[in-house]
Amino acid sequence: MKYAVPVVALLLSAPFFLPGFHVTLLTEILIFALFAMSLDVQVGYARMFSFGHAAPYGVGAYVAAFALVVGKLPLPIAILIAVVAVFILSIPIGWLCTRASGVAFAMLTLAFAQLAFAVAFKWNAVTGGSDGISGLIRNPGPWGFAGLESRDGYYWLTVTLVVGTAWLASRFVRSPMGTAIVAVRENEKRAIAIGYEPRQLRLAAFVISNTGAGLAGALHAGFLLFVSPELLHWTLSGYVLVAVVLGGSGTLIGPMIGAALMVIGGHQLSAIATSWPLFMGLLFMIVVVVAPNGLWGIKSSISNALALRKASRLEMNHVAS
Amino acid sequence: MISWQVLLNLTLNTLALASLLAMLTMGLTLIFGILRIMNFAHGAIYMFGAYCGISAAALLGTFWVGLLVAPFAAGLLGCIFEFTLLRRLYRRDGGSFLLITFGLSLVLSESIRLIWGPNTRDVELPEILSGVLWIGDEPYPAYRIFLILWGILVLLALTYVFLRTRLGLLIRAIAQNAEMTQALGIDVGLMRSLTFAVGCAFAGLGGYLAVPLITGYIGMGGAAIIDSFVIVMIGGMGSLFGSVAGSVLVALTQTFGNFYLPELALVATYLLMIGVLLYRPGGLFGEQD
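Quick mapping for you: the protein sequence lines, in order, are chains U and C.
The numbers in numbering that gives the first Met the number 0 rise by one with no breaks, and the one at position 16 of the first sequence is 15.
The numbers in numbering that gives the first Met the number 0 rise by one with no breaks, and the one at position 14 of the second sequence is 13.
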């Protein structure tokens, strides 16, 4: 965290020295990073594997799109409505999903996301079906948000919201509730004995995580000015999970790095290697087997492995002597 | 007014689809019951089996060879995967399996796209299966009848092996307590590899048998894995009987839904699942907490 200030300063000043398409790329990276970080609140800290995180993302994007197109609301209001809508919606869904845990939880989230996908795909009259909704405008509204209409203005809005959410998330995971969630992850029985209520804590992690994804989705809608059912497809849920695990779950910065790698890889390598997903999938598998803490945690993975080897050798010597 | 012919037609369609879905989910359930792995790559392996079968059938000019090649190729791939990667992870928690098999599904789907190209693929049915059977005065595709019979045959065979043979006894013993079974002198590692291979073989066979109905396409694996997860949730994780019952329920919902409420058919399956889970969180035949 000691690099937070220079990194944020660098991000904020980026439009002054980077060419335009890099600012666009950076906006995309930041949105995906926010998405991945929000998922990690659930995967890394509560160890609830979700294969349906596209659901809050896509719903956030669709709600924002509705607010912009149908309601003709100003952009900040549209984003706010999207976040609130995802927050409210994720409470009953989280209540249902947290009835299960582990693998069953993962499958449930996947099925709910598919349900959302099916609705967006089939309900032509409202969602535009497979065509999605286009023609979004970043309506500045009467309060002088005109700057948001421009590419750089939107970039600054994104930076502000992403950094702000990251700060809130870091406060949350270190709060009493955040540490309680980790306690449940580490040893549920003991946590119950202390007096924690795992189900409620899981639900809280779920709702907070989904709300973050809803914000990312709303930003996505405002960024591309277009939403389609692809935002709800399970492949997106998979990609964001890959970003989390690749970067390192259980930290907030790891998933953001993983997300950046994936966006850059998808953009840059697709020109060279025709099959970036294949390459990414292989890298992902290697990381899962060799470095369970991801790329950001690779140092601790190596030192853990060395310590384990040393310990077993000591034990062998002990037995031999 | 619903005529009995339409009803009969829909019922047979339901059974044919259920037979395909059951073959897919029984493999998944078998693997989960014994290895405690929810195999996310099951759909990709299903697709792999289908494409291998299609190629073999095209090469040798007969549909039947695919019935051997598809399960064999899928089983072999599963065996290799278990042997090289899954073995290293048995000491970790279930989440690692979900991730590694998901990674495999990405790699496999992408490899299939690279090897076979993005076009859809079909297989030519032999004469005996491509015609129609007359049920009363109604023609009905023979292939679907073949699927139903095949499904019943596989179901009976599996039940027999599981409940009446020594192999089935061993499998159930490992599912109950792997360490104890190992202590009794059974090679649990070998049994695990075999189980994984057999589960994948079922997926491959299911994929190949599905081709004449849905035609092979990139993405058929994704559709299959979602369906089978829904079925497993409805039936109860790890219950073979539950996976059959879930398959019939989902097939029923999809077939009748497509006929009567095509707009809602896609959603109906998930609503069915949510309804079941509200009623019984562990699924219809799963263990209840």
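Don't be surprised by glycine CBs; every beta carbon is placed ideally from N, CA and C.
Keep in mind that this is a model prediction, so the values were computed, not measured.
{"Query": "Can you give me the C-alpha to C-alpha distance between V6 (chain U) and S12 (chain U), rounded to a whole angstrom?", "Result": "10 Å"}
{"Query": "From G213 (chain U) to F86 (chain U), what distance separates their C-alpha atoms?", "Result": "8 Å"}
{"Query": "Taking only beta-carbon atoms, is K121 (chain U) less than 8 Å away from chain C?", "Result": "yes"}
{"Query": "State the Cα-Cα distance for the pair L268 (chain U) and L38 (chain U), rounded to the nearest angstrom.", "Result": "25 Å"}
{"Query": "When you compare the CB of R87 (chain C) with every CB in chain U, is at least one pair closer than 8 Å?", "Result": "yes"}
{"Query": "Between which two residues does the alpha helix (DSSP H) holding W295 (chain U) run?", "Result": "Careful: W295 (chain U) lies outside any alpha helix (DSSP H) and carries neither H nor E."}
{"Query": "Got a sec, what are the start and stop residues for the beta strand (DSSP E) P140 (chain C) sits in?", "Result": "137 to 140"}
{"Query": "Any beta carbon of chain U sitting closer than 8 Å to that of Y269 (chain C)?", "Result": "yes"}
{"Query": "Which class does L132 (chain C) belong to by DSSP, given the choice of helix, strand or coil?", "Result": "strand"}
{"Query": "With DSSP as the reference, label V69 (chain U) as helix, strand or coil.", "Result": "coil"}
{"Query": "Since A217 (chain U) and A77 (chain U) are thought to touch, with beta carbons under 8 Å apart, how far apart are those beta carbons, to the nearest angstrom?", "Result": "7 Å"}
{"Query": "Can you list, in chain order, the residues of its chain whose CB lies under 6 Å from that of G167 (chain C), leaving out five sequence neighbours each side?", "Result": "V160, F161"}
{"Query": "Using alpha carbons as the reference points, say which of U:V4, U:T23, U:L305 lies closest to L223 (chain U).", "Result": "U:T23"}
{"Query": "Going by Cα to Cα distance, which pick from C:N12, C:L7, C:L124, C:F31 is closest to A56 (chain C)?", "Result": "C:L124"}
{"Query": "Would you verify that the beta carbon of M284 (chain U) is, or is not, closer than 8 Å to some beta carbon of chain C?", "Result": "yes"}
{"Query": "Here's a check: name, in chain order, each residue in its chain whose Cβ is nearer than 8 Å to the Cβ of D288 (chain C), leaving out the five neighbours to either side.", "Result": "Annotation note: pLDDT 49 at D288 (chain C) (below 50); position unreliable, coordinate value reported separately. Within the same chain, D288 (chain C) has close Cβ partners P280, G281."}
{"Query": "Of all the residues that make up the region 218 to 239 of chain C, which are near chain U by a beta-carbon distance shorter than 8 Å?", "Result": "G221, I225, F228, V229, V231, M232, M236"}
{"Query": "Please classify V122 (chain C): does DSSP put it in a helix, a strand, or coil?", "Result": "coil"}
{"Query": "On a CA-only basis, which of C:L9, C:S2, C:L34, C:L29 is nearest G188 (chain C)? Give me that one, please.", "Result": "C:L34"}
{"Query": "At 4 residues or longer, and completely inside the region 45 to 113 of chain U: list those alpha helix (DSSP H) runs for me, N to C.", "Result": "53 to 68, 74 to 96"}
{"Query": "Can you tell me which residues form a DSSP beta bridge with G215 (chain C)?", "Result": "C:R120"}
{"Query": "So which of C:D121, C:P117, C:T164, C:S192 has the shortest CA-CA distance to S274 (chain U)?", "Result": "C:P117"}
{"Query": "Can we count G43 (chain U) as close to the ligand MN, meaning its CB is less than 7 Å from some heavy atom?", "Result": "This structure lacks the ligand MN, and indeed carries no ligand of any kind."}
{"Query": "Please work out which residues of its chain come closer than 7 Å, Cβ to Cβ, to F116 (chain U), disregarding the five sequence neighbours upstream and downstream, and give them in chain order.", "Result": "P228, L231, H232"}
{"Query": "Output yes or no for whether 8 Å exceeds the beta carbon distance between L154 (chain C) and A21 (chain C).", "Result": "yes"}
{"Query": "Do the CB positions of G206 (chain C) and A72 (chain C) come within less than 8 Å of each other?", "Result": "no"}
{"Query": "From the DSSP output, in three-state form, read off I224 (chain C) for me.", "Result": "helix"}
{"Query": "What does the Cβ neighbour count give for Y252 (chain U), buried or exposed, with the cut at 16 atoms within 10 Å?", "Result": "Note on residue identity: the sequence assigns Ile, not Tyr, to residue 252 (chain U). By the 10 Å Cβ count, I252 (chain U) comes out buried."}
{"Query": "Can you find the residues in the same chain that come closer than 6 Å, C-beta to C-beta, to S300 (chain U), ignoring five residues on each side of it along the sequence?", "Result": "A290, N292"}
{"Query": "Indicate whether A53 (chain U) and A112 (chain U) have their beta-carbon atoms separated by less than 8 Å.", "Result": "yes"}
{"Query": "Starting from F225 (chain U), follow its DSSP beta bridges and name the residues at the other end.", "Result": "U:S133"}
{"Query": "Taking 8 Å as the CB-CB limit, is E81 (chain C) close to chain U?", "Result": "no"}
{"Query": "From L16 (chain C) to F48 (chain U), what distance separates their C-alpha atoms?", "Result": "30 Å"}
{"Query": "Taking C-alpha atoms, which residue in U:L33, U:F225, U:R201 lies nearest to G134 (chain U)?", "Result": "U:F225"}
{"Query": "Contact between the region 171 to 184 of chain C and the region 42 to 58 of chain C is defined here as three or more beta-carbon pairs at a separation below 8 Å; is this criterion met?", "Result": "no"}
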